Each structure stands twice: as C-alpha cells, then as structure tokens.
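Residue numbers (the working numbering): 1 to 276. All C-beta atoms, glycine included, are put in the ideal place defined by N, C-alpha and C. Just so you know, these numbers come straight off a predicted model, no measurement behind them. To keep things clear, I will list the structure first and then write my remarks on it.
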Amino acid sequence: MKKKITVPDIMACKGGSKVPTMITCYDYTNAQLVDESNIDMILVGDSLGMTMLGYKGTVGVTVDDIIYHTKHVVKGAPNTFVIGDMPFGSYNVSIEDAVKNANRIFTEGGCDCIKLEGGSDVAPVIKAIVKAGMPVCAHIGLTPQTSAMMGGFKVQGKSLEAAQELLDSARAVAEAGAFMVVLEGIPAMLADEITKRIPIPTMGIGAGAGCDMQVLVAQDMLGMNDWVPKFVKKYADLRTTIIDAYNTYCEESSARTFPAEAYQYNAKIEGIENLK
Ligand code: KIV
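This is how it looks when you write it as structure tokens:
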C-alpha cells in the first residue's frame, strides 16, 4: 500500500530524485482509483466549477462546494495527500475572513493543506493562514479566478517585466510561508528560472518540464473532454470508451440480449404459477 506523503516529504523533493505527482479529483469513486495508483497528491480544485458543476469558469464555486467535494475525496483516498482549494471571494475580503474560510475547508473538508491563488498581493493572507496552523500551497501565473482581469485564459509572464513580477511573487509567497507553489500557464523558460531561484518546490501546469512536480486536471488527461489546452497530454480516451459502453448497453437492452442469464438471480420459486 502507498505511504501518504507529508509536507516535509514534499518540501524535500526540491532538488531530490523523488518527483511527487498531483492530479485533480472531486468525488469518492475517483478518489479510490487515485488512492490505488502511485499518485501522491489530490487537488480538490475549484476547477470543479467546470468539471462537476458545468460552470464556464471557477468563479461561482463556494466554500461549501469545496468542503462537500473535499470531504468525500478524503474518505476515498486515505493514503493520498489532499489539497483543498480556496474559491474566489473566500480570501479577498479580509484576512480574518480568509483564515475563517481556510479553517472551515481544513477542518470540515478534512484536507491536508489549503491552496489559494495570487502572488505578492496575497502574501499577508498566506502568512496569516500558516500562522493559524494550516500548510499553504500558493498558485501564481495564469490564475483562473482572476482570468477576467487577464483578458481570458492567457499565458502569463511573457515580457521581461511580467517575468520579474512573477519571480517576485514566487519569492513573496515562499517568504510568507507557502510550502509549495503552483506555476500555471507561463513560459517553460520562466518556470525553470523560478524553480531554480526559490527555496520551495514548484508544481507546474502548462509551465514545462523544469518545475519540481506536475499537476493536471483528471478529466483532461483521461480524455473525457472534447477540447483540452495545448499543454495537456491525453493518457486515455475515456470519452470514447464511456460513450461506446453507453451505446452498447443501450443496443443490448433494446434487443433484450442484456441481461443474459448470467446477470440475473436464478432462484427457483416453487408454485410461482399459483401467484394471484
Ligand atoms: O482548480 C484547479 O484545478 C487548479 C489547477 C488547474 C492547478 O487550480
């Protein structure tokens, strides 16, 4: 059985040979599958807005939504490190409110750490949550919650000035006490430099191979979505597999070839013909 990874283990991967892996997950059944795999970490991301709730983006996901999904994932994956995502609006009102919401996700969700988006601007929030006793994973670069401010889901840090700002942000979140940082949607060259220059591990998504670790949205890498971003490799084609299975079931049910005898209960009831 897999041994659950810890915050010190994850931090120790910086510069080491072990490369922990992370995937998103939002429900009990899939959490059990991840738990049986070699994947070390689950992110119950606010991407559940799109994957589970059918929203166009992550804005609209609530603290209650994150807690609901996190607690079921935690139940299904006792040997996997689980990260609960702080949704939009849950940490931008006041530091007190942010700590209160982080506490709820951590205690009611039962996860192992909290994640939130933002760089230098959220450093004081990270500091307060860490001080309250919760490990924090930061998230910089393309931050989906504030994609409206970025003009959409666009690669960040492409100019020297923007690259410097992201490096400064990575340093600020590390200084504030984050134990790892997600780098999303930035040039591989910049992710390499940030990874080399900060003391905490980087977790890349659309940020190239130079990051200390990688994360993908499960539905994307399993091939459940029609469209995926450029950085996603499809490791399976579950969309085709699942639709084919539904259609075969549909055909066999219509043709009454399902259920065959093997799939029914064959107990003999004496005198069945006497039923009134
Ligand atoms: O919510 C999420 O799934 C994320 C990943 C894309 C890192 O934040």
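- In this structure, residue 40 and residue 80 form a Cβ contact; the two beta carbons are roughly 7 Å apart against a cut-off of 8 Å.
- Every beta strand (DSSP E) stretch that sits fully inside the region 46 to 133 and reaches 3 residues is listed by chain position as 81 to 85, 113 to 117.
- Taking every protein chain shown into account, the CB of residue 242 has fewer than 16 other CB atoms within 10 angstroms, so this residue is exposed.
- DSSP, reduced to helix, strand and coil, places residue 145 within a helical segment of the structure shown.
- Distances from the CA of residue 108 to each of 96, 11, 63, 128 were compared; the closest alpha carbon is that of 63.
- Pairwise C-beta distances place the region 42 to 51 out of contact with the region 238 to 257, as fewer than three of them are shorter than 8 Å.
- Taking every protein chain shown into account, the CB of residue 164 has fewer than 16 other CB atoms within 10 angstroms, so this residue is exposed.
- Distance from residue 113 to residue 136 at the Cβ level is roughly 7 Å; contact confirmed, criterion being Cβ atoms closer than 8 Å.
- Your pair residue 126 and residue 173 checks out as a contact, with CB atoms roughly 6 Å apart and the cut at 8 Å.
- The closest CA to that of residue 232, considering only 250, 211, 207, 245, is found on 207.
- Short of 8 Å from the beta carbon of residue 44, and not among the five residues preceding or following it, lie these beta carbons of its own chain, in chain order: 24, 25, 26, 66, 69, 70, 73, 82, 83, 84, 85, 109, 111.
- The alpha-carbon separation between residue 75 and residue 160 amounts to approximately 45 Å.
- Scanning the region 179 to 248 for uninterrupted alpha helix (DSSP H) segments of 4 residues or longer gives 188 to 197, 218 to 221, listed from N- to C-terminal end.
- Each residue's CA atom was taken as its position, placing residue 178 and residue 116 some 10 Å apart.
- The DSSP-derived three-state label of residue 250 is helix.
- For the pair residue 96 and residue 162, the Cα-to-Cα distance works out to about 30 Å.
- The DSSP-derived three-state label of residue 136 is strand.
- Burial check for residue 149: the Cβ neighbour count within 10 Å stays below 16, so the residue is exposed.
- Taking 7 Å as the cut-off, one finds no heavy atom of the ligand KIV near enough to the beta carbon of residue 183.
- Residue state for residue 272 is assigned as helix, using DSSP reduced to three classes.
- If you look at residue 39, you'll find it isn't in any alpha helix (DSSP H); DSSP assigns it neither H nor E.
- With a cutoff of 7 Å, residue 140 does not count as near the ligand KIV, since its C-beta is closer than that to no heavy atom of the ligand.
- For residue 213 against residue 22, the beta-carbon gap comes to about 6 Å, under 8 Å, which counts as contact.
- Taking each of 210, 121, 183, 142 in turn and checking the Cα distance to residue 94, the smallest one comes out for 121.
- DSSP links residue 23 through a beta bridge to 42, 216.
- A buried status is given to residue 219, since no fewer than 16 other beta-carbon atoms sit within 10 Å of its beta-carbon.
- For residue 11, the uninterrupted alpha helix (DSSP H) run begins and ends at 7 to 12, by DSSP.
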